[in-house]
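Student: Protein chains in written order, with the numbering used here: chain A, 4 to 601; chain B, 2 to 253. A virtual CB, placed ideally from N, CA and C, is assigned to each residue, including glycine. Here the structure is a predicted model, which is why all the values come from computation and not from measurement. Below is one structure. I have some questions about it.
Structure (structure tokens):
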């Protein structure tokens, strides 16, 4: 009988259950994706050449666990609210409290286990799909990475079951304390906003102060070293929480006193936000942190992506060189975009390589000017023929395409022609963008390497070689940046959307009532738009500020973490805007009264 | 005072359920008029169609056939924004469950209809103060609905219902959730509003005590108006007795 009632309840609240389950599945899936990277020591040690990597990942895991905790607690409160009427009914019909308690714990654990298992499966699929797509797009190979990673599965399962067990116990305590009658009567009273200005001002100052300390800590990464990460996590989390709790309320209260507030539905909208913000403090804090983490991770990923070609360009004035191109190579050379080519004629005799002096005068050989900033814009200079003759330019020596080092000599046409040896050619190629020509360059590099292996295995002439080497070093970091950025972005959206949609039932009554007293539909829509806009914009804005300071952490690692930040924020904003539009669309569908039918 | 009736309902039908499915006819041809300034009650048992009728009158639902004219305007032809504006300017509501917005204070709740009409802050302040005095709720203005008793909430709701000076006020079982003292106070108040502010009131109720405050009562049963009684200057107690007798015979 109790089972039957439970099923009936699930059926009648299907939409709420779907929202609840989707949220939980998303959060466990994303936790798994992160855990897959974080618990993979082999990956962190060998693929991420970054000495703080494992520490950073552990902090990340702790932060994500805290976020998940809040999320699970919130979801369970939502679950209890849905179920408490039934529990009250069971007790009224004579079910013992112990029986109902068993039912509550069982239901919570079943939902928790179900959501976690589905979440892990989706996490595995998403990890596989996302990593495959990213690796393909970034032209990377990562060893020691596998979408199915047993250790991550165990960690995720253990954490979520523990969290659900704690949540079940808390729910149980709450239910046992509540009298049956109260369980039966839906608690839909709203507490008054306790507007105590002095307390709010103190909280606001404390919040801004803590945030400032956090930003200072990230700015001082060079002096504080690793300590700056935990300091920043603690102060920024608490600071953001206090800001959402106090500062926003103070500002809204000021707006409420203006003339603007009495126009149309403005007063109602502000009051809605005031009630919401208090109720949403935790979720807004989490959202701002997730926003910052996602944006930060993608910025860092993009930063490494941008740095690699720069580093490469600083090592050589040319991308690669091909000795005596065959038909295929000639064809491939033509496929390169924005490419400059120089051809030098060569003759080999008596362990020497001869060049035409006139060709080198016309197109002097260039080398990169050494710089102590490997990620800065590269500058090149001509190398004198004298220097080349003395074989002091190691790069030029590689142009012979032979394993042994040959002495280079520069001759006039009159001296060059009589030498009894076939004329050979070497083509020096410079492309504007290595990533744009990656596929063709890779083929050319491979064929050149097999036909004319150099003295050192896998080392060839030009910056493309450096590019390949750098990718194997920084590629892991780049991959992690993009991977986590996308995962956090997904979690962020699910968090905020879930919370907002969960409040729809209560709002439905309010909007229907407003329609009854003669509020135009367009006005209701505008009120919803602006209310949800504020809820989206607040954490977004704080998240951006967090990132602007947070990027200081990467100063020691990359040339300019702030390069292109405007574009990245804009791109991020577009996706975030998409979530916002989706949320208001769903929300209006849920809360607005149906249009009058004929 | 014009001669146009405030409400003029002709041959109103409402059928629920789609064609081909099981249909249920809630209203089977209702005809009645209500003069401006009247205080009319509609009585009937549960399921008699009185709530359906109120929804049609208040533009909350559309009839299957027939017309509803309010203040000379056929409201069944209105759509979208016109319906909203009509509700905002012409009619006020008091509901059984108050329907106050719990995120707003009493003051803000009362001011809402005026805000919607774009009245400026100062005028709103004056209007709210005036109405609060009439309804003796000056002390409650800063409170949230959760801090008010049922009777207080209903008085706030009444203030919101009449602040925009509607031509017509609808009451849907407004005393349903009140204790007898609060109910009596509210009805006295409605009577005074009707008398002093010249607002026509249509009350839907199944409570004979509430009905005894009206000038005229229409009894509705199974979707048609069966009986009509008028107070005609009698005392409220006498009228109350007649209502009870009527109910006794009418519901048989």
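1. Could you check whether residue 176/B and residue 208/B sit closer than 8 Å to each other, using their CB atoms as the reference points?
2. Alpha carbons only, please: which of 402/A, 21/A, 211/A is nearest the one belonging to residue 118/A?
3. Leaving out five residues before and five after residue 79/B in sequence, what residues of the same chain have Cβ atoms less than 6 Å from its Cβ?
4. Could you pull out every residue in the same chain whose Cβ sits closer than 8 Å to the Cβ of residue 145/A, ignoring the five residues on either side in sequence?
5. Using CA atoms only, rank isn't needed, just tell me which of 519/A, 351/A, 385/A, 242/A is closest to residue 546/A.
6. By the criterion of Cβ-Cβ separation under 8 Å, what are the contact partners of residue 119/B in chain A?
7. Closer than 8 Å by beta-carbon distance: list the chain A residues that pair up with residue 86/B, in chain order.
8. At a Cβ threshold of 8 Å, is residue 274/A touching chain B?
9. Report the start-end ranges of each alpha helix (DSSP H) in the stretch 307-386 of chain A that is 4 residues or longer and not cut off at the edges.
10. Per DSSP, what kind of secondary structure is residue 172/A in: helix, strand or coil?
11. Can you list the residues of chain B that residue 262/A reaches, using a CB-CB cut of under 8 Å?
12. Among residues of its own chain, excluding the 5 on either side of residue 219/B, which ones have a beta-carbon nearer than 8 Å to its beta-carbon?
13. Let me know the alpha helix (DSSP H) ranges lying completely inside the stretch 154-225 of chain B, each 4 residues or longer, listed in chain order.
14. Is residue 19/A close to chain B, meaning its C-beta is less than 8 Å from at least one C-beta of that chain?
15. Anything in chain B within Cβ reach of residue 248/A, meaning under 8 Å, just list it in chain order.
16. Below 8 Å on the Cβ atoms is my guess for residue 214/B versus residue 235/B; work out the distance and round it to an integer in Å.
17. According to DSSP, residue 35/B sits in a beta bridge with which residue or residues?
18. Could you check whether the stretch 247-255 of chain A touches the stretch 198-209 of chain A, counting it as contact only if at least three pairs of C-beta atoms, one from each stretch, sit closer than 8 Å?
19. If contact means a Cβ-Cβ distance below 8 Å, which residues of the stretch 71-82 of chain B contact chain A?
20. Short check: CB of residue 201/B to CB of residue 66/B, under 8 Å?
21. Among 575/A, 459/A, 593/A, 156/A, which has the Cα closest to the Cα of residue 515/A?
22. When the Cα of residue 195/B is compared with those of 123/B, 186/B, 169/B, which residue comes out closest?
23. Would you grab the beta carbon distance between residue 19/B and residue 57/B for me? Rounded to a whole angstrom, and I think it's under 8 Å.
24. Does the beta carbon of residue 89/B sit closer than 8 Å to a beta carbon anywhere in chain A?
25. Is there a Cβ of chain B sitting closer than 8 Å to that of residue 592/A, yes or no?
26. Would you kindly report the start and end of the unbroken beta strand (DSSP E) that includes residue 68/B?
27. Does DSSP put residue 90/B in a helix, a strand or coil?
28. Residue 227/B by DSSP, collapsed to three states: which one?
29. Would residue 532/A pass as an interface residue toward chain B - the criterion being a Cβ-Cβ separation below 8 Å?
30. Quick one: give me the first and last residue of the beta strand (DSSP E) that residue 266/A is part of.
31. When the Cα atoms are used, what is the spatial distance from residue 438/A to residue 429/A?
32. Can you tell me whether residue 372/A is buried or exposed, with buried defined as 16 or more other CB within 10 angstroms of its CB?
33. Keeping to the same chain, check which residues put their C-beta closer than 6 Å to that of residue 1/B; ignore five residues upstream and five downstream.
34. How many whole angstroms separate the CB atoms of residue 35/A and residue 159/A, which I take to be in contact at a CB cut-off of 8 Å?
35. Would you mind working out which of 170/A, 221/A, 85/A, 161/A sits nearest residue 548/A, comparing C-alpha positions?
36. Between which two residues does the beta strand (DSSP E) holding residue 430/A run?
Tutor: Inspection of the coordinates gives the following:
1. Here residue 208/B is taken as the residue at index 207 of the second chain, counted from 1. Here residue 176/B is taken as the residue at index 175 of the second chain, counted from 1. Yes.
2. Position 115 of the first chain holds residue 118/A. The option with the nearest alpha carbon to residue 118/A is 21/A.
3. To locate residue 79/B, count along the second chain from 1; it is residue 78. Taken in chain order, the residues that qualify are 87.
4. In the first chain, residue 145/A corresponds to position 142, counting from 1. Around residue 145/A: 46, 50, 134, 138, 478, 479, 482.
5. Here residue 546/A corresponds to residue number 543 of the first chain, with the count starting at 1. Closest option to residue 546/A, Cα to Cα, is 242/A.
6. Translated into the one-based positions of the second chain, residue 119/B becomes position 118. By Cβ distance, chain A contributes 266, 267.
7. Here residue 86/B is taken as the residue at index 85 of the second chain, counted from 1. Going along chain A in sequence order, the residues near residue 86/B (Cβ under 8 Å) are 521, 523.
8. In the first chain, counting from the first residue as 1, residue 274/A sits at position 271. Taking Cβ atoms only, chain B reaches closer than 8 Å to residue 274/A, which makes this a yes.
9. 330-338, 360-365
10. For the purposes of this step, residue 172/A is identified with residue 169 of the first chain, where counting begins at 1. DSSP places residue 172/A in the helix class (H, G or I) of the three-state scheme.
11. Taking the first residue of the first chain as position 1, residue 262/A is located at position 259. By Cβ distance, chain B contributes 121, 122.
12. By one-based count along the second chain, residue 219/B stands at place 218. 33, 41, 42, 43, 44, 226, 228, 229.
13. With a minimum length of 4 residues, the continuous alpha helix (DSSP H) runs that stay inside the stretch 154-225 of chain B are 181-197, 209-212.
14. For the purposes of this step, residue 19/A is identified with residue 16 of the first chain, where counting begins at 1. Closer than 8 Å: no.
15. Along the first chain, one-based indexing puts residue 248/A at 245. Ordered by position in chain B, no residue passes the 8 Å Cβ test against residue 248/A, which lies about 18 Å from the chain.
16. If you number the second chain from 1, residue 214/B lands on position 213. If you number the second chain from 1, residue 235/B lands on position 234. That pair is no contact at about 13 Å.
17. Working through the second chain from its first residue, we reach residue 35/B at position 34. Beta bridge pairing from DSSP links residue 35/B with 8/B.
18. As far as the Cβ criterion goes, the stretch 247-255 of chain A touches the stretch 198-209 of chain A, which means the pair count is three or higher.
19. 80, 81, 82
20. On the second chain, position 200 is the one that residue 201/B refers to. On the second chain, position 65 is the one that residue 66/B refers to. Their beta carbons are not under 8 Å apart, which means residue 201/B does not touch residue 66/B by this criterion.
21. In the first chain, the residue the question calls residue 515/A occupies position 512. The candidate whose alpha carbon is nearest that of residue 515/A is 593/A.
22. Position 194 of the second chain, counting from 1, holds the residue named residue 195/B. Among 123/B, 186/B, 169/B, the Cα nearest to that of residue 195/B belongs to 169/B.
23. Here residue 19/B refers to the residue found at position 18 when the second chain is read from its first residue. Here residue 57/B refers to the residue found at position 56 when the second chain is read from its first residue. The pair is not a contact, with the Cβ atoms about 19 Å apart (cut-off 8 Å).
24. As a working mapping, residue 89/B is identified with position 88 in the second chain. True, the Cβ-Cβ gap to chain A drops below 8 Å.
25. Numbered from 1 along the first chain, position 589 holds the residue referred to as residue 592/A. By this cut-off, residue 592/A is not an interface position.
26. By 1-based counting over the second chain, the position of residue 68/B is 67. Taken as a continuous stretch (DSSP letters only), the beta strand (DSSP E) holding residue 68/B covers 66-71.
27. The residue given as residue 90/B occupies position 89 in the second chain. Reduced to three states, the DSSP call for residue 90/B is helix.
28. Start at 1 with the first residue of the second chain, and residue 227/B comes out as number 226. Residue state, collapsed to three classes: strand.
29. Numbered from its first residue, the first chain carries residue 532/A at position 529. Chain B, which has no Cβ nearer than 8 Å to the Cβ of residue 532/A, makes this no.
30. Locating residue 266/A in the first chain gives position 263, where the first residue counts as 1. Counted as a single uninterrupted DSSP element, the stretch harbouring residue 266/A is not any beta strand (DSSP E), since DSSP gives it neither H nor E.
31. Sequence index remark: in the first chain, residue 438/A carries index 435 (1-based). Sequence index remark: in the first chain, residue 429/A carries index 426 (1-based). So the alpha carbons of these two residues sit roughly 23 Å apart.
32. For the purposes of this step, residue 372/A is taken as residue 369 along the first chain, with counting starting at 1. That one is exposed.
33. Residue coverage of chain B in this structure runs from 2 to 253, which leaves residue 1/B outside it and unanswerable.
34. Looking up residue 35/A in the first chain gives position 32. Looking up residue 159/A in the first chain gives position 156. With 8 Å as the limit, residue 35/A and residue 159/A qualify as a contact, their Cβ atoms being about 5 Å apart.
35. Here the question's residue 548/A lines up with position 545 in the first chain. Comparing Cα-Cα distances from residue 548/A to each of 170/A, 221/A, 85/A, 161/A, the minimum goes to 221/A.
36. For the purposes of this step, residue 430/A is taken as residue 427 along the first chain, with counting starting at 1. 427-434 is the extent of the beta strand (DSSP E) around residue 430/A.
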